[in-house]
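Student:
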Amino acid sequence: MLLSMRYLQFRCSYELPREDLLKLVGNINMKSMDSHLLNTIQEWMIHHHEDTIPLKIKKIKHIDFVQAIISSENHCITNEFFIHCWDGSNFFELTSFKYPKEIIDRNISDSKNRLIGERITGHGYDLYLCGGEFGIGTGKYNTKVWRYSLISKKWFLEAEMPNRRRHMIAVFLNNKLMLVGGVGYCRQKLDSVDIYDICTGIWTEGAKIPVTFVSIPEYYIIHEKLIIYISACICMYIPDKNIWEAIPDLSHLVRKHRWDIGIQLCNVPILTLEPLSCCIDDIMDIMVLRTVTDTCNAENCEYIEKIVRATCLKYPAAFRKYFDETFFFVESSKYDKSVTILHETIVWEHDIIDKLHFHNIPIQNPHKFHRQEIFGTFFTLMDPKLLHAKKLNFIELDI
Numbered sequence: 071m072l073l074s075m076r077y078l079q080f081r082c083s084y085e086l087p088r089e090d091l092l093k094l095v096g097n098i099n100m101k102s103m104d105s106h107l108l109n110t111i112q113e114w115m116i117h118h119h120e121d122t123i124p125l126k127i128k129k130i131k132h133i134d135f136v137q138a139i140i141s142s143e144n145h146c147i148t149n150e151f152f153i154h155c156w157d158g159s160n161f162f163e164l165t166s167f168k169y170p171k172e173i174i175d176r177n178i179s180d181s182k183n184r185l186i187g188e189r190i191t192g193h194g195y196d197l198y199l200c201g202g203e204f205g206i207g208t209g210k211y212n213t214k215v216w217r218y219s220l221i222s223k224k225w226f227l228e229a230e231m232p233n234r235r236r237h238m239i240a241v242f243l244n245n246k247l248m249l250v251g252g253v254g255y256c257r258q259k260l261d262s263v264d265i266y267d268i269c270t271g272i273w274t275e276g277a278k279i280p281v282t283f284v285s286i287p288e289y290y291i292i293h294e295k296l297i298i299y300i301s302a303c304i305c306m307y308i309p310d311k312n313i314w315e316a317i318p319d320l321s322h323l324v325r326k327h328r329w330d331i332g333i334q335l336c337n338v339p340i341l342t343l344e345p346l347s348c349c350i351d352d353i354m355d356i357m358v359l360r361t362v363t364d365t366c367n368a369e370n371c372e373y374i375e376k377i378v379r380a381t382c383l384k385y386p387a388a389f390r391k392y393f394d395e396t397f398f399f400v401e402s403s404k405y406d407k408s409v410t411i412l413h414e415t416i417v418w419e420h421d422i423i424d425k426l427h428f429h430n431i432p433i434q435n436p437h438k439f440h441r442q443e444i445f446g447t448f449f450t451l452m453d454p455k456l457l458h459a460k461k462l463n464f465i466e467l468d469i
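One gets our numbering by counting positions in the sequence shown from 1 and adding 70 to each.
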């Protein structure tokens with residue numbers, strides 16, 4: 071069972087023996103901010119009139135994550151949905167689930183106005199279903215945030231959304247769920263951002279996004295910052311400062327390098343050289359999981375797809391003050407596909423094309439991805455192998 075300081079009875083923890091207290095705060099499934107852990111330990115020492123536990127805690131645990139995506143065999147919301155995961159080596163089906171009964175019952179009673187534009191993302195061992203409209207233009211919205219536990223296999227009502235919205239970006243930054251933009255009541259394009267802290271249950275208002283959208287653009291999280299590609303514009307949200315930085319028009323940079331991508335940036339998949347970075351693509355009517363790498367043994371790789379052209383751009387100064395990324399447009403050899411790559415350490419060299427290549431891994435059950443375009447962006451979950459892990463020694467006490 072996932073433990074949260076929101077539900078932990080502090081006074082009960084004060085009565086624990088020292089060894090049991092360390093087991094509690096060292097549990098792999100403990101979800102808590104460092105400040106809460108420190109407060110618990112400090113109060114325990116006051117209660118026991120001893121100072122045998124140093125206040126400085128250094129987390130050294132390593133929790134593995136996977137990239138997950140939601141899909142379905144058809145557009146019927148009453149049917150089964152699937153969670154597929156990529157762990158850097160294997161793409162596998164984790165489990166399946168159905169929508170909350172309240173949403174299913176509403177769709178059954180009014181089948182002509184099914185829920186559209188909802189978003190599902192993940193955090194830890196939980197899924198979060200947000201927003202959506204019961205029929206475009208009806209003004210009837212799902213204003214609830216539902217949480218699905220992969221452990222109990224049950225839905226829980228997590229929160230009420232402060233604003234109605236569909237076709238928005240739903241993403242986690244740390245322990246905060248961000249609902250960005252999308253379409254609101256009377257088909258209004260939204261520039262608002264709602265931020266929900268799952269530790270406190272409190273909603274706050276984020277800085278307004280510089281541009282609006284009606285269909286979900288490509289986006290990516292890097293260095294705990296949200297980067298969104300909307301047409302020829304790139305926006306980056308910096309949560310520490312609650313501000314957006316924007317490159318209003320990237321097209322002049324593309325033309326400068328004589329690169330005609332012939333496609334809107336919002337439709338170009340975003341990848342990095344990180345092992346978990348991936349996307350799903352259709353290549354010659356074959357659905358594949360696509361990754362990009364420069365390290366594998368290409369001669370013995372059966373999934374290889376060479377790259378014939380790459381254009382390297384640098385982010386403008388507004389972005390480089392936060393990180394120095396290299397920005398690539400890359401074209402594959404066989405299928406004339408383009409992909410955007412973000413990576414902070416790669417150095418542009420003349421032989422870079424020889425090092426970079428795609429992996430196109432055929433998906434075994436493509437019929438289960440008929441509705442994948444609705445939830446086409448991967449999100450992070452904790453590795454399911456850790457679902458039954460009870461304890462991991464991850465607290466190093468500086469004595």
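The C-beta atom is built at its ideal place from N, Cα and C for all residues, glycine as well.
Using CA coordinates, which residue listed in 177, 190, 112 is at the minimum distance from residue 451?
Tutor: Checked all of 177, 190, 112; the closest Cα to residue 451 is 190.
Student: What number of angstroms, rounded off, separates the C-alpha of residue 87 from the C-alpha of residue 196?
Tutor: For residue 87 and residue 196, the distance between alpha carbons rounds to 31 Å.
Student: Is the beta carbon of residue 187 sitting closer than 8 Å to the one on residue 237?
Tutor: Going by C-beta atoms, residue 187 is nearer than 8 Å to residue 237.
Student: So, at 7 Å on beta carbons, what are the nonlocal neighbours of residue 62 in its own chain, with the 5 sequence-adjacent residues on each side left out?
Tutor: Any question about residue 62 goes unanswered here, given that the chain covers just 71 to 469.
Student: In chain order, what residues of the same chain have a beta carbon less than 7 Å from the beta carbon of residue 279, not counting five sequence neighbours either side?
Tutor: Same-chain partners within the cutoff: 250, 251, 261, 263, 305, 314.
Student: Does any heavy atom of the ligand COA sit closer than 7 Å to the C-beta of residue 225?
Tutor: Ligands displayed in this structure: none; no statement on the ligand COA is therefore possible.
Student: Can you tell me where the alpha helix (DSSP H) holding residue 143 begins and where it ends?
Tutor: Note, residue 143: premise wrong, no alpha helix (DSSP H); not H, not E.
Student: Is there a Cβ from chain D that is less than 8 Å from the Cβ of residue 142?
Tutor: In the displayed structure, chain D is absent; only one protein chain is listed.
Student: With a threshold of 16 other CB atoms inside 10 Å of the CB of residue 226, please say whether the residue is buried or exposed.
Tutor: Residue 226 comes out exposed.
Student: Suppose you measure from the CA of residue 153 to the CA of residue 271; what does that come to, to the nearest Å?
Tutor: Cα-Cα distance, rounded: 26 Å.
Student: Can you check whether the CB of residue 228 is closer than 8 Å to the CB of residue 235?
Tutor: Not in contact: residue 235 and residue 228 (Cβ atoms no closer than 8 Å).
Student: Under three-state DSSP, which class holds residue 248?
Tutor: The answer is strand: DSSP assigns residue 248 an E or B state.
Student: Please confirm whether residue 289 and residue 241 have their CB atoms less than 8 Å apart.
Tutor: Contact: yes.
Student: Starting from the C-beta of residue 158, find all residues in its chain whose C-beta is less than 7 Å away, skip the five residues before and the five after it, and write them out in chain order.
Tutor: Once the five neighbours on either side are set aside, the close Cβ partners of residue 158 are 345, 346.
Student: For residue 286, tell me which candidate among 266, 202, 358, 269 has the shortest Cα-Cα distance.
Tutor: Nearest option by C-alpha distance: 202.
Student: Name the DSSP bridge partner or partners of residue 114?
Tutor: DSSP lists no partner for residue 114.
Student: DSSP beta-bridge partners for residue 138?
Tutor: DSSP lists 155, 449 as partners of residue 138.
Student: How about residue 268 and residue 233: do their beta carbons lie closer than 8 Å?
Tutor: Contact: no.
Student: Do you know offhand how far residue 140's Cα is from residue 116's?
Tutor: Cα to Cα, residue 140 sits roughly 47 Å from residue 116.
Student: Nearest-angstrom Cα distance between residue 193 and residue 309?
Tutor: The straight-line gap from Cα to Cα measures roughly 17 Å.
Student: Just mark residue 328 as buried or exposed, buried being the case when its beta carbon has 16 or more other beta carbons within 10 Å.
Tutor: Confidence at residue 328 is low in this model, with a pLDDT of 46, below 50, so the placement of that residue should be treated as unreliable; the coordinate-derived value is given next. Looking at its Cβ environment, which holds fewer than 16 other Cβ atoms inside 10 Å, residue 328 is exposed.
Student: Can you check which of these residues, 219, 121, 94, is closest to residue 168 by C-alpha distance?
Tutor: Minimum Cα distance to residue 168 is reached at 219.
Student: Compute the beta-carbon to beta-carbon distance between residue 362 and residue 430, rounded to the nearest angstrom, for a pair I have assumed lies under 8 Å.
Tutor: Not quite, the Cβ-Cβ distance comes to about 10 Å (not below 8 Å), so this is no contact.
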